[in-house]
Amino acid sequence: DTGVSQNPRHKITKRGQNVTFRCDPISEHNRLYWYRQTLGQGPEFLTYFQNEAQLEKSRLLSDRFSAERPKGSFSTLEIQRTEQGDSAMYLCASSVRQGPFSNTGELFFGEGSRLTVL
Amino acid sequence: QQQVKQSPQSLIVQKGGISIINCAYENTAFDYFPWYQQFPGKGPALLIAIRPDVSEKKEGRFTISFNKSAKQFSLHIMDSQPGDSATYFCAAIRDGTASKLTFGTGTRLQVTL
Chain A
19 DTGVSQNPRH
29 KITKRGQNVT
39 FRCDPISEHN
49 RLYWYRQTLG
59 QGPEFLTYFQ
69 NEAQLEKSRL
79 LSDRFSAERP
89 KGSFSTLEIQ
99 RTEQGDSAMY
109 LCASSVRQGP
119 FSNTGELFFG
129 EGSRLTVL
Chain B
521 QQQVKQSPQS
531 LIVQKGGISI
541 INCAYENTAF
551 DYFPWYQQFP
561 GKGPALLIAI
571 RPDVSEKKEG
581 RFTISFNKSA
591 KQFSLHIMDS
601 QPGDSATYFC
611 AAIRDGTASK
621 LTFGTGTRLQ
631 VTL
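In order, the protein sequence lines correspond to chains A and B. Under my numbering, the first residue of the first sequence carries the number 19, and numbering increases by one thereafter. Under my numbering, the first residue of the second sequence carries the number 521, and numbering increases by one thereafter.
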């Protein structure tokens with residue numbers, strides 16, 4: 019399977035604990051995105067990388083959240099001191115930059131990592 | 521700030537019927553409008569997309585109708601099938617924003633036999 023892979027698929031943690039999610043994008047994709055999806059809502063943009071550079075972060079991404087993409091390959095999303103409000107599905111997506119003025123809007127999403135904070 | 525409003529929240533259609541989902545946007549800078557389909561336990565997947573220079577795009581049983589002056593667009597699923605049962609999200613993006621999609625809130629479609 020050459021799609022976007024996310025691990026773990028499910029994570030249950032106690033409030034105050036740290037969690038880390040990993041995303042392996044489609045190999046030739048140079049852009050990687052993190053979105054958050056809560057029940058009954060559409061995905062909300064968190065951050066994105068162009069290769070290893072983190073180019074944009076949403077205001078939704080508090081100081082407790084940090085994302086990395088070392089060497090422009092896989093990415094990790096860490097949430098420190100989790101809160102119950104962090105419970106959500108964390109979706110990773112990747113795409114190919116087709117040019118400075120080209121947006122196909124086609125993101126390839128993984129199956130997500132569901133976080134439950136007790 | 522919800523920039524893309526989607527309705528209805530849920531929809532039940534009989535097999536063979538037409539499913540219609542509507543979206544409205546506020547930001548006139550948006551210039552690409554994809555629809556994503558999401559099955560339970562899966563990530564969203566691109567279904568069909570349209571640019572505002574055309575009023576309609578059809579791919580198989582799926583059609584997007586676009587009304588630029590009203591800032592509205594809709595998804596029509598003809599001959600709806602039980603396998604179409606999923607959650608559908610409209611989305612919008614402004615060129616130059618690196619595929620940072622703004623999604624609607626989703627419509628849960630159930631196609632009954």
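All C-beta atoms in this analysis are idealised placements derived from N, C-alpha and C, irrespective of residue type, glycine included.
Cutoff 9 Å: residue i Cβ touching any chain B Cβ
i: Pro88 of chain A; result: no
i: Pro61 of chain A; result: yes
i: Leu78 of chain A; result: no
i: Gly130 of chain A; result: yes
i: Leu133 of chain A; result: no
i: Glu74 of chain A; result: yes
i: Phe127 of chain A; result: yes
i: Glu138 of chain A; result: This structure gives no information on residue 138 of chain A, because the portion of chain A shown stretches from 19 to 136.
i: Val37 of chain A; result: no
i: Gly34 of chain A; result: no
Beta-ladder partner(s) of residue i, from DSSP
i: Ile597 of chain B; result: B:Ser539, B:Phe582
i: Asn587 of chain B; result: B:Gln592
i: Arg132 of chain A; result: A:His28, A:Met107
i: Leu50 of chain A; result: A:Phe67, A:Ser112
i: Pro602 of chain B; result: Its beta-bridge partners do not exist; DSSP assigns none.
i: Pro554 of chain B; result: B:Ala569
i: Ser527 of chain B; result: B:Asn542
i: Val37 of chain A; result: A:Ile97
i: Lys140 of chain A; result: The requested residue 140 of chain A is not part of the displayed model; chain A covers only 19 to 136.
i: Ser23 of chain A; result: A:Asp42
For residue j and residue i, believed in contact at Cβ under 8 Å, the rounded distance
i: Ser594 of chain B; j: Ile532 of chain B; result: In fact, because the Cβ distance is near 18 Å, the residues do not count as touching under 8 Å.
i: Arg49 of chain A; j: Ser112 of chain A; result: 6 Å
i: Thr622 of chain B; j: Thr607 of chain B; result: Rounded, the Cβ-Cβ distance is 17 Å, inconsistent with contact.
i: Cys110 of chain A; j: Gln35 of chain A; result: The pair is not a contact, with the Cβ atoms about 21 Å apart (cut-off 8 Å).
i: Ile613 of chain B; j: Ile538 of chain B; result: Contact flag wrong, Cβ pair sits at about 27 Å.
C-beta neighbour in chain A for residue i, strict 9 Å
i: Gln630 of chain B; result: no
i: Phe593 of chain B; result: no
i: Glu579 of chain B; result: no
i: Ala611 of chain B; result: yes
i: Val574 of chain B; result: no
i: Thr583 of chain B; result: no
i: Leu634 of chain B; result: No statement about residue 634 of chain B is possible, as the shown extent of chain B runs from 521 to 633 and does not include it.
i: Lys620 of chain B; result: yes
i: Phe623 of chain B; result: yes
i: Gln526 of chain B; result: yes
i: Gly603 of chain B; result: no
i: Gly626 of chain B; result: yes
Problem - Interface residues of the stretch 545-572 of chain B facing chain A [CB-CB below 9 Å] - result: Answer in chain order: Asp551, Tyr552, Phe553, Pro554, Tyr556, Gln558, Gly561, Lys562, Gly563, Pro564, Ala565, Leu566, Ala569.
Exercise for the section: Select from the stretch 88-113 of chain A all residues with a C-beta closer than 7 Å to any C-beta belonging to chain B, and list them in chain order. Expected result: For the stretch 88-113 of chain A, which is checked against every Cβ of chain B, the residues closer than 7 Å are Leu109, Ser113.
Exercise for the section: Specify whether the stretch 564-574 of chain B and the stretch 124-136 of chain A touch according to this definition: at least 3 beta carbon pairs, one from each stretch, less than 8 Å apart. Expected result: yes
Problem - Stretch-stretch touch, CB-based, cutoff 8 Å, three pairs: the stretch 84-99 of chain A with the stretch 57-73 of chain A - result: yes
Handout entry: Stretch-stretch touch, CB-based, cutoff 8 Å, three pairs: the stretch 543-553 of chain B with the stretch 46-63 of chain A
Key = no
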